[in-house]
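Visitor: Position 270, counted from 1, in the sequence shown is what the numbering used here calls 566; the numbers after and before it change by one each time, with no gaps.
Ideal placement from N, C-alpha and C gives every residue a C-beta, glycine not left out.
Every value quoted in this text rests on a predicted model; they were computed, and no experiment measured them.
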Amino acid sequence: MIPVNEPLFISNEKKYLAKCIDSGWISSEGPFIKEFEEKFSSYIGKKYGITVSSGTAALEVAIGSLGIKPGDEVIIPTFTIISCATAVLAYGGTPVFVDSEPETWNINVNKIEEKITKKTKAIIIVHIYGHPCDMDSIIKIAKKYNLKIIEDAAEVHGAEYKGRKCGSFGDVSCFSFYANKIISCGEGGMVLTDNKKYKERAEMLRNLGFEKKKRFYHHILARNYRMTNLQAAIGVAQLKNIKKLIKIKKENAQKYTERLKGIKGLQLPVEKEWAKNVYWMYGIVLNESTGFNAENFAMKLIKEGIATRPFFYPLHLQPVLKKFIKAGGKYPIAERIAKQGLYLPSGLGLKDWQIKKVCETIRKLLK
Ligand SMILES: *Cc1c(COP(=O)(O)O)cnc(C)c1O
Numbered sequence: 297m298i299p300v301n302e303p304l305f306i307s308n309e310k311k312y313l314a315k316c317i318d319s320g321w322i323s324s325e326g327p328f329i330k331e332f333e334e335k336f337s338s339y340i341g342k343k344y345g346i347t348v349s350s351g352t353a354a355l356e357v358a359i360g361s362l363g364i365k366p367g368d369e370v371i372i373p374t375f376t377i378i379s380c381a382t383a384v385l386a387y388g389g390t391p392v393f394v395d396s397e398p399e400t401w402n403i404n405v406n407k408i409e410e411k412i413t414k415k416t417k418a419i420i421i422v423h424i425y426g427h428p429c430d431m432d433s434i435i436k437i438a439k440k441y442n443l444k445i446i447e448d449a450a451e452v453h454g455a456e457y458k459g460r461k462c463g464s465f466g467d468v469s470c471f472s473f474y475a476n477k478i479i480s481c482g483e484g485g486m487v488l489t490d491n492k493k494y495k496e497r498a499e500m501l502r503n504l505g506f507e508k509k510k511r512f513y514h515h516i517l518a519r520n521y522r523m524t525n526l527q528a529a530i531g532v533a534q535l536k537n538i539k540k541l542i543k544i545k546k547e548n549a550q551k552y553t554e555r556l557k558g559i560k561g562l563q564l565p566v567e568k569e570w571a572k573n574v575y576w577m578y579g580i581v582l583n584e585s586t587g588f589n590a591e592n593f594a595m596k597l598i599k600e601g602i603a604t605r606p607f608f609y610p611l612h613l614q615p616v617l618k619k620f621i622k623a624g625g626k627y628p629i630a631e632r633i634a635k636q637g638l639y640l641p642s643g644l645g646l647k648d649w650q651i652k653k654v655c656e657t658i659r660k661l662l663k
């Protein structure tokens with residue numbers, strides 16, 4: 297079976313992990329935590345990094361540090377992971393959805409303004425599958441309506457918009473280090489910001505709301521979202537290698553594109569002239585004219601030993617979110633790509649022969 301994803305440990309992961317065990321520093325108090333926070337935030341280009349236990353936790357802490365409260369509306373793409381909505385709901389806010397843009401699958405910036413009301417406080421933008429969002433347009437809208445920007449950069453470690461790294465634009469930015477992300481520490485996440493107030497609040501929100509001056513005395517409701525030193529150790533080792541890991545992703549994507557371009561009815565990932573795509577996952581969208589949708593195409597591929605994953609299922613159609621969201625609105629692009637889109641094996645350990653086999657199989661199926 298060609299797996300859809302696998303991590304690659306070719307740095308000091310084992311050595312740093314052993315350091316944790318030998319020194320006894322295994323909790324969030326250990327020294328790798330600070331090192332990971334400093335090195336990753338400086339790599340992205342933000343002043344502060346606050347490690348947390350997952351990308352989902354990062355989004356929750358981000359919403360909390362911006363002070364989103366019941367009655368506030370937060371704009372999010374409908375084509376994303378449910379964590380974006382649950383983070384808003386965790387603070388009593390209302391997620392308001394925006395449809396996707398058909399080429400990059402990112403939030404459609406031309407559809408944001410019509411969703412803004414007096415209650416709108418922030419926008420969560422999500423850079424999908426490795427391709428940056430159109431940041432200039434988003435920043436312009438945020439300025440015009442005085443909205444905060446949260447960047448969900450879980451899928452774009454190292455990607456760039458006009459030469460600047462994704463994750464460096466938001467008032468607060470969020471990363472995930474789940475096993476399938478470009479750099480990983482098993483489970484983990486980070487909140488990045490330049491704002492000292494947000495940073496301090498984020499640190500409290502990840503750690504039960506403990507106050508610096510008076511321990512075990514609390515003004516804010518918070519949970520435990522701490523990362524362990526063990527995870528940070530792996531993170532520091534992975535970060536050392538990030539350039540190499542991104543290079544592998546890009547090369548694999550180039551090989552896919554080389555072999556798949558020209559196949560009728562197949563939409564491939566793009567790289568806008570202002571973007572550096574890191575191709576976290578190599579997504580394809582099947583035209584209806586092929587007679588396939590993502591689901592039955594994936595079944596054909598799995599029979600040939602090729603694992604894939606469907607695209608996100610749009611949030612405005614999620615049963616669990618129904619009672620929390622504003623009804624109405626049209627999201628034809630997100631609905632279409634959710635139905636017709638899937639991503640191909642994109643792991644860091646992918647071999648040439650595997651890419652070749654995937655492409656030959658797709659060509660055969662679409663003939
Ligand atoms: C993976 C991912 C997350 C969630 O990260 P976890 O660490 O799995 O909680 C959030 N947003 C996006 C866009 C993701 O791809």
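1) Check whether the Cβ of residue 351 lies closer than 7 Å to any heavy atom of ligand 1, and answer yes or no.
2) Shorter than 7 Å, the distance from the beta carbon of residue 438 to the closest heavy atom of ligand 1, or not?
3) Ordered along the chain, which non-local residues of its own chain (more than five positions away) have a Cβ less than 6 Å from that of residue 634?
4) To which residues of the same chain is residue 469 closer than 6 Å at the C-beta, ignoring the five residues directly before and after it?
5) Could you have a look at residue 578 and say whether DSSP puts it in helix, strand or coil?
6) Roughly how many whole angstroms lie between the Cα atoms of residue 381 and residue 526?
7) Less than 7 Å between the CB of residue 499 and some heavy atom of ligand 1, yes or no?
8) Using CA atoms only, rank isn't needed, just tell me which of 545, 570 and 503 is closest to residue 460.
9) Taking only runs of the beta strand (DSSP E) that begin and end inside the segment 444 to 473, which ones reach a length of at least 3 residues, in chain order?
10) Contact between the segment 553 to 573 and the segment 349 to 362 is defined here as three or more beta-carbon pairs at a separation below 8 Å; is this criterion met?
11) Just to confirm the assignment, what range does the beta strand (DSSP E) spanning residue 486 have?
12) Just to confirm the assignment: which complete alpha helix (DSSP H) runs, minimum length 4, are found wholly within the segment 401 to 445?
13) Just list the residues that DSSP pairs residue 563 with in beta bridges.
14) Let me confirm a value: residue 383 is counted as buried when at least 16 other C-beta atoms fall within 10 Å, else exposed. Which label applies?
15) Hey, is residue 521 close to ligand 1, as in C-beta under 7 Å from one of its heavy atoms?
16) Is residue 345 helix, strand or coil when you go by DSSP?
17) Counting Cβ pairs, one atom from each stretch, are 3 or more of them under 8 Å apart for the segment 405 to 415 and the segment 475 to 484?
18) By a C-beta neighbour count over all protein chains shown, 10 Å radius and 16 as the cutoff for buried, is residue 511 buried or exposed?
19) Three or more C-beta pairs under 8 Å: does that hold for the segment 486 to 506 against the segment 367 to 374?
20) Quick check: the Cα distance between residue 442 and residue 318, rounded to an integer number of angstroms?
21) At the level of alpha carbons, what is the spacing between residue 295 and residue 503?
22) In its own chain, which residues sit with a C-beta less than 7 Å from the C-beta of residue 524, not counting the 5 before and 5 after it?
23) Which whole runs of the beta strand (DSSP E) in the segment 371 to 402 are 3 residues long or more, in chain order?
24) Would residue 658 be called buried (16 or more neighbouring beta carbons within 10 Å of its own) or exposed?
25) Taking a contact to mean a Cβ-Cβ separation below 8 Å, would you say residue 297 touches residue 603 in this structure?
Guide: Straight from the coordinates:
1) In the sequence shown, counting from the first residue as 1, residue 351 sits at position 55. Result yes, Cβ under 7 Å from ligand 1.
2) Stepping through the sequence shown from its first residue, residue 438 is reached at position 142. For ligand 1, not one heavy atom lies less than 7 Å from the Cβ of residue 438.
3) For the purposes of this step, residue 634 is identified with residue 338 of the sequence shown, where counting begins at 1. Correct list, in chain order: 607, 609 and 610.
4) Locating residue 469 in the sequence shown gives position 173, where the first residue counts as 1. Once the five neighbours on either side are set aside, the close Cβ partners of residue 469 are 447, 449, 463 and 488.
5) Numbered from 1 along the sequence shown, position 282 holds the residue referred to as residue 578. Under the three-state reduction of DSSP, residue 578 is assigned to strand.
6) Start at 1 with the first residue of the sequence shown, and residue 381 comes out as number 85. Start at 1 with the first residue of the sequence shown, and residue 526 comes out as number 230. Rounded to whole angstroms, residue 381 to residue 526 spans 29 Å at the Cα level.
7) Stepping through the sequence shown from its first residue, residue 499 is reached at position 203. No, the Cβ of residue 499 stays beyond 7 Å of every heavy atom of ligand 1.
8) The residue you call residue 460 lines up with position 164 of the sequence shown. Here the closest residue by C-alpha is 570.
9) For the segment 444 to 473, whole beta strand (DSSP E) runs of length 3 or above, ordered along the chain, are 444 to 448 and 468 to 472.
10) Contact between the segment 553 to 573 and the segment 349 to 362 is absent, with fewer than three C-beta pairs closer than 8 Å.
11) Walking along the sequence shown from the start, residue 486 turns up at place 190. Residue range 485 to 489 is occupied by the beta strand (DSSP E) that includes residue 486.
12) 431 to 441, all fully within the segment 401 to 445.
13) Here the question's residue 563 lines up with position 267 in the sequence shown. Looking at the DSSP output, residue 563 bridges to 581.
14) For the purposes of this step, residue 383 is taken as residue 87 along the sequence shown, with counting starting at 1. Residue 383 should be labelled buried.
15) One-based indexing of the sequence shown puts residue 521 at position 225. In this structure, residue 521 has its CB at a distance of at least 7 Å from all heavy atoms of ligand 1.
16) The count along the sequence shown starts at 1 and reaches residue 345 at position 49. Three-state DSSP puts residue 345 in a strand.
17) Contact between the segment 405 to 415 and the segment 475 to 484 is absent, because fewer than three Cβ pairs lie under 8 Å.
18) For the purposes of this step, residue 511 is taken as the residue at position 215 of the sequence shown. Here residue 511 is exposed, its C-beta having fewer than 16 other C-beta atoms within 10 Å.
19) Using a Cβ-Cβ distance cut-off of 8 Å, the segment 486 to 506 and the segment 367 to 374 are not in contact, since fewer than three pairs of beta carbons, one from each stretch, lie closer than that value.
20) On the sequence shown, position 146 is the one that residue 442 refers to. On the sequence shown, position 22 is the one that residue 318 refers to. Each residue's alpha carbon lies about 50 Å from the other.
21) Outside the displayed range of the chain (297 to 663) lies residue 295, so it cannot be described from this structure.
22) One-based indexing of the sequence shown puts residue 524 at position 228. The residues 322, 323 and 324, in chain order, have a CB closer than 7 Å to that of residue 524 in the same chain once the five nearest residues on each side in sequence are set aside.
23) Given a length threshold of 3 residues, each whole run of the beta strand (DSSP E) inside the segment 371 to 402 is given here in chain order: 390 to 394.
24) As a working mapping, residue 658 is identified with position 362 in the sequence shown. The residue in question, residue 658, is buried, as its Cβ has 16 or more Cβ neighbours within 10 Å.
25) Here residue 297 refers to the residue found at position 1 of the sequence shown. Here residue 603 refers to the residue found at position 307 of the sequence shown. In this structure, residue 603 lies closer than 8 Å to residue 297 by Cβ.
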